[in-house]
Amino acid sequence: MRDPIATATLRIMDQNDSTESAGTTLSHEDIVKVARLSRLKLDEEALEAARTDLSAILGHVARIREVDVEDVAPMPRPLDTVNRLAEDEPGPTLDRSVVLDLAPVTEGDFIAVPKVLGEGGA
Amino acid sequence: MSSEMTTTIRQEDIASVRLIIGLEIHVELSTRSKMFTRAPNPACPEFEDSPPNTLVDPLVDALPGTLPVMNRRAVEMSAKVGLALGCSIAEHAKWDRKNYAYPDLPKSYQISQYDLPLCFDGAVDIPSADGGQRRIGITRAHLEEDTGKLGHELPGGGSYAGSLVDLNRAGTPLLEIVTEPDFDCAEDVVTFARELRSLCRFLGVTEGVMQKGHMRFEPNINLVIDTNEGREYRTPVVEIKNLNSFRAVEGAIEHERTRQLEEFLETGRVMGRGMKRTRGWDDQKLVTVLQREKEDAHDYRYFPEPDLLPVEMDEAWIEAVRREIPELPIARRARYRDDYGLPEKDASSLVEDRDLCFWFEDVVTQQLEATTETSVDARQAGHEAAKLILNQLAKRANERGVLAHETGVTAAQVAQLLQLRREGTVPPQAVDRLLELAEAQPLDMGELAESNGLVVVRDEGAMEGWIEAAIESQAQAAEDVRQGKDAAVGRLVGAVMKASGGQADAKDVRARLLEKLRP
Chain S
13 MRDPIATATL RIMDQNDSTE SAGTTLSHED IVKVARLSRL KLDEEALEAA RTDLSAILGH
73 VARIREVDVE DVAPMPRPLD TVNRLAEDEP GPTLDRSVVL DLAPVTEGDF IAVPKVLGEG
133 GA
Chain Z
3 MSSEMTTTIR QEDIASVRLI IGLEIHVELS TRSKMFTRAP NPACPEFEDS PPNTLVDPLV
63 DALPGTLPVM NRRAVEMSAK VGLALGCSIA EHAKWDRKNY AYPDLPKSYQ ISQYDLPLCF
123 DGAVDIPSAD GGQRRIGITR AHLEEDTGKL GHELPGGGSY AGSLVDLNRA GTPLLEIVTE
183 PDFDCAEDVV TFARELRSLC RFLGVTEGVM QKGHMRFEPN INLVIDTNEG REYRTPVVEI
243 KNLNSFRAVE GAIEHERTRQ LEEFLETGRV MGRGMKRTRG WDDQKLVTVL QREKEDAHDY
303 RYFPEPDLLP VEMDEAWIEA VRREIPELPI ARRARYRDDY GLPEKDASSL VEDRDLCFWF
363 EDVVTQQLEA TTETSVDARQ AGHEAAKLIL NQLAKRANER GVLAHETGVT AAQVAQLLQL
423 RREGTVPPQA VDRLLELAEA QPLDMGELAE SNGLVVVRDE GAMEGWIEAA IESQAQAAED
483 VRQGKDAAVG RLVGAVMKAS GGQADAKDVR ARLLEKLRP
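Chains as they are written, first to last, in the numbering used here: chain S, 13 to 134; chain Z, 3 to 521.
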């Protein structure tokens with residue numbers, strides 16, 4: 013559970029860095045926001061634990077950020093390989109009963125979820 | 003979050019109001035399988051009617067251990083559209099993860115392209131409402147995956163208190179095209195939207211059925227307001243989500259023009275950071291309505307997608323894609339005007355539907371390739387084919403609610419019919435009957451005309467007899483014609499036609515009658 017939060021938090025810190033001085037301590041507000049975006053329901057104790065852990069991680073990252081990479085091209089992955097492509101041939105699907113069995117609640121042929129307002133993020 | 007900037011301007015202070023519109027278009031690509039997995043794609047006609055949640059595989063359902071692999075065809079289709087829009091194709095394009103937790107994508111993120119899109123920097127010229135040409139810049143075209151669908155209606159009626167998820171569409175390849183804010187009126191946006199749909203259909207990258215959501219339009223709209231004192235104000239940008247008809251695009255833009263001006267006069271709010279709003283279109287009330295605030299871009303926490311490799315299209319690959327691009331609608335219309343002498347309206351009607359257009363060209367080619375005594379040049383073949391297809395055939399098709407190429411009449415039959423007409427083998431009044439016969443029977447038109455007694459009678463003896471009989475029975479009319487009253491010949495022609503059972507060519511009969519009465 014920690015990794016996605018950490019990744020998310022790094023982006024938040026990126027934003028903050030541009031407006032404020034680069035801090036390595038997350039506020040309570042920051043951690044509540046990250047939890048909300050990730051749809052995680054954390055109690056106060058868990059929030060505080062996450063805040064402390066993530067602040068420590070960010071502290072480490074802050075040190076890495078001190079390295080001068082001005083003229084170094086970003087390397088998002090360690091492989092030089094490109095273009096791993098699949099041919100456009102339809103393959104197998106899951107039986108619908110399997111898909112529906114994996115969902116906590118279903119209604120007819122559909123997965124049922126609590127009412128969500130808005131258009132989604134895409 | 004934003005520094006609220008306000009001002010007070012009254013209606014009478016305003017010198018002019020201009021619209022500024024940019025457009026985002028989502029195009030569902032009609033590949034057979036999905037963008038990053040091989041589950042079948044519902045935007046492909048083969049699978050469009052699949053029951054809910056049957057186009058789901060472990061990757062679509064985000065089961066542990068699954069990894070995405072990109073669809074070669076989807077990449078090529080996107081590059082094709084990019085090239086047709088005059089874009090450059092990126093030497094290096096990568097994938098990014100756009101995070102958002104929502105039940106329409108089980109992964110809780112959408113794979114998209116953030117800073118390195120596949121296609122960028124293009125332009126398209128469209129005929130503008132002001133009479134001239136307008137160049138619309140294409141900022142970028144990037145690939146991503148579509149989401150599943152959320153519904154609220156139970157099958158068989160009744161509404162469900164929550165949301166019902168159908169994951170069939172989740173993972174369908176989606177090409178997002180973004181224009182520069184180069185439009186200043188709704189008409190031009192609609193012209194562009196129609197042109198783009200037509201172009202994508204000619205490229206064969208989408209079925210382009212608007213009602214099915216194959217193309218969705220999202221205009222970004224604001225106003226530039228100039229005052230009498232020479233000051234300029236810009237209203238906050240509003241993005242209208244998910245419009246899936248040209249009428250909705252036009253209606254939403256027109257409504258925003260009025261609404262934003264009223265809002266500006268009331269609140270004085272102008273464009274600023276964090277001021278962008280998202281609205282939807284109410285098709286019943288014909289108004290735009292405020293939607294959930296768009297999350298700021300950084301809330302999506304984009305980061306490079308670790309599960310996918312970058313795409314690098316080299317020259318050879320791009321060239322191979324370029325060779326697949328057929329003649330595009332704008333060029334085709336120009337050719338129909340110049341080479342076939344067709345009016346703009348007819349040229350547009352033929353190009354409006356890709357399949358109709360290809361069928362029309364087939365009719366032209368078949369005429370030119372047929373070895374017959376009466377030769378025909380391209381101009382005549384094109385012109386006559388267009389006239390027949392857009393008039394008699396379209397009329398028959400309309401009555402049945404199909405397009406001219408869908409009546410059952412084959413391109414070969416139309417070509418044969420045109421040839422028969424040129425030779426004078428069948429009279430003009432037989433055309434409709436022949437089309438009717440051809441709808442049911444894929445036989446040679448010559449044979450159909452023969453077996454149904456629709457061939458012009460060339461029996462000189464019989465013709466001579468009918469003419470004699472007509473002159474005798476319509477003596478007064480015959481006398482009038484002898485005296486120089488041409489109008490009277492009609493009654494004689496009618497009598498001959500009747501006697502021939504409609505098998506004579508009226509024009510030919512008329513000429514013969516005049517020849518006989520006024521030698």
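Yeah, the Cβ is synthetic: ideal placement off N, Cα and C, and Gly gets one too. What you are looking at is a predicted structure, and each value in this text was computed from that prediction instead of being measured.
Cutoff 8 angstroms: residue i Cβ touching any chain S Cβ
i	result
M72 (chain Z)	yes
K82 (chain Z)	no
T33 (chain Z)	yes
G164 (chain Z)	yes
E314 (chain Z)	yes
N222 (chain Z)	no
N55 (chain Z)	yes
Close beta carbons around residue i, own chain, < 7 angstroms, minus the five adjacent residues each side
i	result
P70 (chain Z)	F38, T39, L61, I113, D309, L310
A372 (chain Z)	A417, Q421
V226 (chain Z)	R20, I22, E234, R236
E346 (chain Z)	R339
K82 (chain Z)	L205, V207, V323, E326, I327
Cβ-based neighbour list, residue i, same chain, cut-off 6 angstroms, excluding 5 preceding and 5 following
i	result
L292 (chain Z)	R281
P151 (chain Z)	For clarity, residue 151 (chain Z) is Lys in the given sequence; the question names Pro instead. These residues qualify, in order along the chain: D168, R171.
V289 (chain Z)	H257
Residue i - DSSP class collapsed to helix/strand/coil
i	result
Q135 (chain Z)	strand
A17 (chain Z)	strand
V126 (chain Z)	strand
N400 (chain Z)	helix
D98 (chain Z)	strand
I28 (chain Z)	Looking at the sequence shown, residue 28 (chain Z) is not Ile but His. It is a strand residue.
H385 (chain Z)	helix
R218 (chain Z)	strand
Q286 (chain Z)	coil
F38 (chain Z)	coil
A45 (chain Z)	coil
P306 (chain Z)	strand
C121 (chain Z)	strand
D55 (chain S)	coil
D184 (chain Z)	coil
Any chain Z beta carbon closer than 8 angstroms to residue i
i	result
K127 (chain S)	yes
S50 (chain S)	yes
R96 (chain S)	yes
E41 (chain S)	no
L54 (chain S)	no
L91 (chain S)	yes
R77 (chain S)	no
P104 (chain S)	yes
I123 (chain S)	yes
V44 (chain S)	no
L112 (chain S)	yes
R63 (chain S)	no
Segment limits, alpha helix (DSSP H) that includes residue i
i	result
A490 (chain Z)	Taken as a continuous stretch (DSSP letters only), A490 (chain Z) belongs to no alpha helix (DSSP H), as it is neither H nor E.
Y248 (chain Z)	It should be noted that the sequence gives Phe, not Tyr, for residue 248 (chain Z). Unbroken alpha helix (DSSP H) run through F248 (chain Z): 248-269.
V323 (chain Z)	317-325
R514 (chain Z)	508-519
Y342 (chain Z)	331-342
Residue from the options with nearest C-alpha to residue i
i	options	result
I27 (chain Z)	Z:L57, Z:N246, Z:C187	Z:N246
P88 (chain S)	Z:L152, Z:E209, Z:E307	Z:E307
R74 (chain Z)	Z:D168, Z:P444, Z:A477, Z:W319	Z:W319
G1 (chain Z)	Z:D446, Z:S502, Z:G455	Residue 1 (chain Z) is absent from the structure shown; chain Z starts at 3 and stops at 521.
A399 (chain Z)	Z:Q476, Z:A440, Z:L519, Z:M499	Z:A440
R99 (chain Z)	Z:Y116, Z:L177, Z:F219, Z:E346	Z:Y116
K127 (chain S)	Z:P105, Z:L118, Z:F122	Z:P105
H72 (chain S)	S:V117, S:L114, S:T37	S:T37
D348 (chain Z)	Z:N55, Z:V323, Z:L392	Z:L392
Same chain, Cβ closer than 8 angstroms to residue i, neighbours up to 5 away in sequence not counted
i	result
L395 (chain Z)	A406, T409, V411, V416, L437
V58 (chain Z)	A41, L169, N170, A172
S33 (chain S)	Confidence is the limiting factor: at S33 (chain S) the pLDDT is only 38, short of 50, which leaves the residue's position unreliable, though a coordinate-based value still follows. Around S33 (chain S): no qualifying Cβ.
L176 (chain Z)	H28, V29, E30, L31, M37, L145, E146, E147, D148
K53 (chain S)	A47
Run of the beta strand (DSSP E) containing residue i, from where it starts to where it stops
i	result
D92 (chain S)	Neither: D92 (chain S) is in no beta strand (DSSP E) and is coded neither H nor E.
K82 (chain Z)	Element bounds for K82 (chain Z): not the beta strand (DSSP E) but the alpha helix (DSSP H), 74-86.
K151 (chain Z)	151-155
L176 (chain Z)	175-181
G164 (chain Z)	161-168
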